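Structure first, then comments.
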Amino acid sequence: MTETDIRSTGSPDLAFPQDRTCPYQPPKAYADGRGQGPLSRVELFDGRPAWMVTGHAEGRALLADPRLSSDWGHPVFPVVVRRTEDRGGLAFPLIGVDDPEHARQRRMLIPSFGVKRMAAMRPLIQDLVDRLLDDMLEKGPTADLVSAFALPVPSMAICELLGVPYGDHDFFEERSRDFVGAATSAEADAAFAALYGYLHGLVAKKQAEPGDGLLDELIARQLEEGALDHNEVVMIALVLLVAGHETTVNAIALGALTLLEHPEQLEALRNDPGLISGTVEELLRFTSVSDYMVRMAKEDIEVGDETIKAGDAVVVSISLMNRDAKAYENPDAFDVRRNARHHVGFGHGIHQCLGQNLARAEIEIALGTLVTRIPGLRLAVPVDAVPIKAGHDAQGPVELPVTW
Amino acid sequence: MRITIDRDRCIGSGQCVMTAPGVFTQDDDAVVALLPGQEDGSGDPRVRDVPMACPVQAVTISGD
Chain E
1 MTETDIRSTG
11 SPDLAFPQDR
21 TCPYQPPKAY
31 ADGRGQGPLS
41 RVELFDGRPA
51 WMVTGHAEGR
61 ALLADPRLSS
71 DWGHPVFPVV
81 VRRTEDRGGL
91 AFPLIGVDDP
101 EHARQRRMLI
111 PSFGVKRMAA
121 MRPLIQDLVD
131 RLLDDMLEKG
141 PTADLVSAFA
151 LPVPSMAICE
161 LLGVPYGDHD
171 FFEERSRDFV
181 GAATSAEADA
191 AFAALYGYLH
201 GLVAKKQAEP
211 GDGLLDELIA
221 RQLEEGALDH
231 NEVVMIALVL
241 LVAGHETTVN
251 AIALGALTLL
261 EHPEQLEALR
271 NDPGLISGTV
281 EELLRFTSVS
291 DYMVRMAKED
301 IEVGDETIKA
311 GDAVVVSISL
321 MNRDAKAYEN
331 PDAFDVRRNA
341 RHHVGFGHGI
351 HQCLGQNLAR
361 AEIEIALGTL
371 VTRIPGLRLA
381 VPVDAVPIKA
391 GHDAQGPVEL
401 PVTW
Chain X
1001 MRITIDRDRC
1011 IGSGQCVMTA
1021 PGVFTQDDDA
1031 VVALLPGQED
1041 GSGDPRVRDV
1051 PMACPVQAVT
1061 ISGD
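From first to last, the protein sequence lines stand for chains E and X.
Note that my numbering gives residue 329 to position 329 of the first sequence, counting from 1, and the numbers run on in steps of one.
Note that my numbering gives residue 1054 to position 54 of the second sequence, counting from 1, and the numbers run on in steps of one.
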């Protein structure tokens, strides 16, 4: 084994993250990191070097390795985007903590995201999708598929699941977008404070007048019994509300865009609606809405010929793991008949997406219904005129002008 | 084939149920459980994919 320092290559490190040029392809600059072993070196905006993991097998092993930490509260936990550079040790529940704290929090929430509960949500999601498409068809042709369809589907569904009034959706959709897409930590803090204040008030109101939803259940079972305090319930609500808004919307919009850009695949799906669940898995693999995961090594970890040392920053490239030729034949081809199983679109290990089965149901029903009900659906602008999100955000179109 | 499940490791991802719905289920707490009489997987070939699908190695398989 050769012991290599994270800085030892001599060549300047690639800046991470990078913006995509094509909405559904990894940034071209990352291509240099492919096929040269499972790890490459990158530099974060603050000049800190980091390992970028690109191998599918190695990335899965690392994401499941307890020697890699997600503890955002650690003083040297890596900062990848400027908006979180001043977060002051604020550890978000679930996503920003390690076991056993993570397991304690996740166990309280999984019944609300379990397989049976998600099966029961499907008729509700189908009804939402049908109503949104009725409205869109009545007002069109031409629509922004993001604001008319891709955003309200997950927004309404997460509100229903949490017990958050959808009537307030303009307020928290905007703050959620600001929180995740802020350019500076001051802007992110302001959006966080507004969301926190709103949910703090909502939890207090629900304590006085219990309703029907995940938050009401958390209040009744965990807060009243002392397993959670008011602040923890608010923080859990905030994480779930933001996650519910900033992920599936992109998956639906980017999924629709990818299908429209691959007409022969779209035709195959239209001719055989039974392909929809495989199509969703292939879209999750191919588009990799969550482009990367951030971790920090707690101990030295050997990967191939390299050693990730304790304290090193690690960015796990979901986009490149999902395009690893060792895991997928012809990985850059979008093929709805492919077996895309074991993609890491939802991550891997203890932090694998809590809402993944809700997301699957939403994407499947939304896209399946969309392509069936609007056979003439097409982009209203050339694909390179579709505005897309920056490399540090969840990937997807900002707007998606369509016609039919 | 013998299926071993570690309910303490399970994070309720449901990947086992998705992969082999005739063998795995979730209890009321959304923690992995085997359907009654499915301790040996009843020859369902999809069971072989479950250890790879599980994000936390809560399911292991031994024997032929």
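Backbone N, C-alpha and C fix where the C-beta goes; we use that ideal spot for every residue, glycine too.
Just so you know, these numbers come straight off a predicted model, no measurement behind them.
The criterion of a C-beta distance shorter than 9 angstroms is not satisfied by Ile125/E and Leu354/E. Assigned with DSSP and collapsed to three states, Met52/E falls in strand. Closest in alpha carbon position to Gly47/E, among Gly244/E, Asp13/E and Asp300/E, is Asp13/E. Listed in chain order, the positions of the region 110-141 of chain E with a beta carbon within less than 9 angstroms of a beta carbon of chain X are Ile110, Pro111, Ser112, Phe113, Gly114, Val115, Lys116, Arg117 and Met118. Judged by beta-carbon spacing, Val146/E lies within the 9 angstroms limit of Val249/E, meaning their Cβ atoms are closer than that value. With a cut-off of 8 angstroms on Cβ pairs, the region 201-214 of chain E is not in contact with the region 96-106 of chain E, counting fewer than three such pairs. Counting along the chain, Ser1013/X sits inside no alpha helix (DSSP H), nor does DSSP assign it H or E at all. The Cβ-Cβ distance between Leu132/E and Pro152/E falls below 9 angstroms. Straight through space, the alpha carbons of Gln395/E and Glu174/E are spaced by roughly 17 angstroms. For Leu63/E, the nearest beta carbon of chain X is closer than 9 angstroms to its own beta carbon. Within chain X, the residues Thr1019, Asp1049, Met1052 and Ala1053 have their CB atoms less than 9 angstroms from the CB of Arg341/E, given in chain order. Closest option to Asp189/E, judged by alpha-carbon separation, among Pro75/E, Asp86/E and Pro375/E: Asp86/E. At least one CB of chain E lies nearer than 9 angstroms to the CB of Ile1011/X.
Look at Thr1060/X: its C-beta is not under 9 angstroms from any C-beta on chain E. Taking a contact as a CB-CB distance under 8 angstroms, the pair Ala340/E and Glu282/E counts as one, their CB atoms being some 4 angstroms apart.
The Cβ atoms of Phe192/E and Phe179/E sit closer than 9 angstroms to each other. Using a CB distance below 9 angstroms, the part of the region 346-360 of chain E facing chain X consists of Phe346, Gly347, His348, Gly349, Ile350, His351, Gln352, Cys353, Leu354, Gln356, Asn357 and Arg360, ordered along the chain.
Per DSSP, the continuous alpha helix (DSSP H) segment holding Gln105/E begins and ends at Glu101 to Phe113.
Taking a Cβ-Cβ cut-off of 7 angstroms, Val1032/X has no neighbours in chain E, whose nearest Cβ is about 10 angstroms from it. Counted as a single uninterrupted DSSP element, the stretch harbouring Phe149/E is not any beta strand (DSSP E), since DSSP gives it neither H nor E. Put simply, the region 1010-1017 of chain X touches the region 1051-1059 of chain X. At least three CB pairs are less than 8 angstroms apart. Within chain X, the residues Ile1011 and Gly1012 have their CB atoms less than 8 angstroms from the CB of Arg106/E, given in chain order. Nearest neighbour of Gln265/E by Cα position, chosen from Tyr198/E, Thr279/E and Gly274/E, turns out to be Thr279/E. Shown here, Arg338/E sits in coil according to DSSP, grouped into three states, outside any helix or strand. Contact check for Ala148/E against Asp135/E passes: the beta carbons are separated by less than 9 angstroms. Scanning Ala366/E, Ile374/E, Gly311/E and Glu399/E for the CA closest to the CA of Pro382/E turns up Glu399/E.
DSSP, reduced to helix, strand and coil, places Met293/E within a strand of the structure shown. For Gln1057/X, the neighbours in chain E by C-beta distance under 9 angstroms run, in chain order, Ala64. In the structure shown, Leu39/E adopts extended strand secondary structure according to DSSP, grouped into three states. Annotation for Ile374/E: no alpha helix (DSSP H) segment contains it, and DSSP assigns it neither H nor E. Note on Arg323/E: 16 or more other CB atoms within 10 angstroms of its CB, so buried under the neighbour-count rule.
For Ile1003/X, there is no enclosing alpha helix (DSSP H); the residue is found in the beta strand (DSSP E) stretching over Arg1002 to Ile1005.
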